[in-house]
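In the working numbering, the protein residues as written are 16 to 474.
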């Protein structure tokens, strides 16, 4: 059995290597560049509207229409899924494998990803469905619209199955595993106990439906963001004298990695780009087809209003949270590069502990709890939308129980294979989503032109 598990693990790792580091790298970046050009750099020209749309809607967060939620609540649900363990471990693995310069390429991919997520959110608004007073939406609906007939039905069905497996089941197992391991290390609590508590709380939230989910995320996401940003700024304040060098390593390492990591490690510009882009895209989820499920249910005046707001999710995930992690890691001066170096969450824990002592492990464990649990909630919701599409509303209560069981199991399992399978399904679901996005790109451009015309009339 162990031999079969090892063989499958190596097979899926090999597939993920080519899927994430080559195929999706070009597909996702290419799509982001395409929409950036077609939408005339919407992430720059409408960034002010993005800020106004988000922070202006905070006071309206409790005001929603029948069957829907506010724009701010939709964004918080999307960010709940975007900001996860990848923000603590993803930056670490990118730096170790691609050098500090990988962070520059992570920023660049996120910049183009903001245009992609604008298109996703706009289309999800245009093609959402309402039934029995409930709103639902996501890529399955705009894929079906883009390709009428049998092909569209098959492509949408494939996407729905991949989302349920990647996020609802396997993805949530690895999130609960991260929580269990972190609390075992920091507080010596058995992972099963942590898993049972997490599973029970999650099931309670799931069974409350959309409005209980968003009631949690709109409070949890700002709190966890403020907690992590505050802790990171304290560490960066302690390492202030090293911040200039950290930025130098990022910008120099992006184009000349050997000047930063040395020639022995063998990190080239290619590795810097590859790991930075791949880890960045995986973290902010732009183009993956996950966050449109949250943006579809917002009540807004124009579809592009939510597209504008959606861009803030990528900005917060990568340019704020992930960047803070990267600066803490690099300024600590304790990391190594290449094969055999400490990476992932261990690197992050070591960097915070370097400045905060024993409290560093506790701080990372608590932040990991919030990040991972918020991702569990967001990913459940995305999977639920596709369960409704595949099997109808009646199947939702069974799906909620199954996800809760997977959360408990994940907390005590060795999930190397499950993690790799989750990555694989995450990558595969990008392909039908991008096919639908590109097929409907004229509709996105037309909607954006209508949005701009409305803005002109309002002046």
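Positions of the beta carbon are idealized from the N, C-alpha and C atoms, including for glycine.
Check                                                                                                                                                                          : Outcome
Roughly how many angstroms lie between the CA atoms of residue 321 and residue 19, to the nearest whole one?                                                                   : 46 Å
Excluding sequence positions up to five away, which residues of its chain have a Cβ less than 6 Å from the Cβ of residue 291?                                                  : 109, 113, 117, 120, 121
Work out the CA separation of residue 137 and residue 161 for me, nearest whole Å.                                                                                             : 14 Å
Quick check on the DSSP output: the beta strand (DSSP E) that includes residue 149 runs from which residue to which?                                                           : 149-151
For the candidate residues 401, 200, 41, 218, whose alpha-carbon lies nearest to that of residue 422?                                                                          : 218
Compute the beta-carbon to beta-carbon distance between residue 465 and residue 194, rounded to the nearest angstrom, for a pair I have assumed lies under 8 Å.                : Actually they do not touch by this definition, with Cβ atoms about 44 Å apart.
Mind checking residue 26: buried by the 16 CB within 10 Å criterion, or exposed?                                                                                               : exposed
Please list the segments of the beta strand (DSSP E) lying wholly inside the stretch 217-249, counting only runs of 3 or more residues, in order along the chain.              : none
Exposed or buried, residue 169, counting other C-beta atoms within 10 Å across all chains shown (16 or more means buried)?                                                     : exposed
In angstroms with no decimal places, state the Cα-to-Cα distance between residue 490 and residue 382.                                                                          : The chain is shown from 16 up to 474; residue 490 falls before or after that span and cannot be answered.
Among 189, 261, 350, 59, which has the Cα closest to the Cα of residue 431?                                                                                                    : 189
Go ahead and pull the three-state DSSP assignment for residue 356.                                                                                                             : coil
DSSP three-state call for residue 300: helix, strand or coil?                                                                                                                  : coil
Thinking C-beta only, is residue 201 closer than 8 Å to residue 377?                                                                                                           : yes
Determine contact between the stretch 226-245 and the stretch 365-375, defined as no fewer than three beta-carbon pairs at a distance below 8 Å.                               : no
Three-state secondary structure (DSSP) at residue 208?                                                                                                                         : helix
If you follow the alpha helix (DSSP H) that residue 326 is in, where does it begin and where does it stop?                                                                     : 318-329
Sort 259, 305, 461 by Cα distance to residue 132 and report the nearest one.                                                                                                   : 305
Using a threshold of 8 Å, state whether the C-beta atoms of residue 253 and residue 370 are closer than that.                                                                  : yes
Suppose you measure from the CA of residue 404 to the CA of residue 256; what does that come to, to the nearest Å?                                                             : 54 Å
Measuring alpha carbon to alpha carbon, tell me which of 115, 102, 461 ends up nearest residue 349.                                                                            : 115
Nearest-angstrom Cα distance between residue 96 and residue 129?                                                                                                               : 16 Å
My understanding is that residue 102 touches residue 391, with C-beta atoms under 8 Å, so please give their C-beta distance in whole angstroms.                                : Going by Cβ atoms, the distance from residue 102 to residue 391 rounds to 15 Å, so no, they are not a contact pair.
Please state if the CB of residue 233 and the CB of residue 88 are separated by a distance shorter than 8 Å.                                                                   : yes
Can you say whether residue 29 is buried or exposed, counting buried as having 16 or more other CB atoms within 10 angstroms of its CB?                                        : exposed
Should residue 23 be labelled buried (16 or more other beta-carbon atoms within 10 Å of its own) or exposed?                                                                   : exposed
Looking only at DSSP bridge pairs, what is residue 144 linked to?                                                                                                              : 151
Is the stretch 55-72 touching the stretch 311-328, taking contact as three or more C-beta pairs under 8 Å?                                                                     : yes
Please name the residue in 458, 420, 351, 443 whose C-alpha comes closest to that of residue 213.                                                                              : 420
If you run the structure through DSSP and keep just helix, strand and coil, what is residue 313?                                                                               : strand
Based on DSSP bridge pairs, tell me the residues matched to residue 336.                                                                                                       : Answer is none; residue 336 lacks a bridge partner.
Taking only three categories from DSSP, how would you classify residue 94?                                                                                                     : helix
Is residue 173 helix, strand or coil when you go by DSSP?                                                                                                                      : helix
Using the Cα positions of residue 439 and residue 417, report the straight-line distance between them to the nearest angstrom.                                                 : 21 Å
Within the same chain, show all residues whose beta-carbon is closer than 7 Å to that of residue 15, passing over the 5 residues directly before and after it, in chain order. : With the chain covering only 16 through 474, there is no way to say anything about residue 15.
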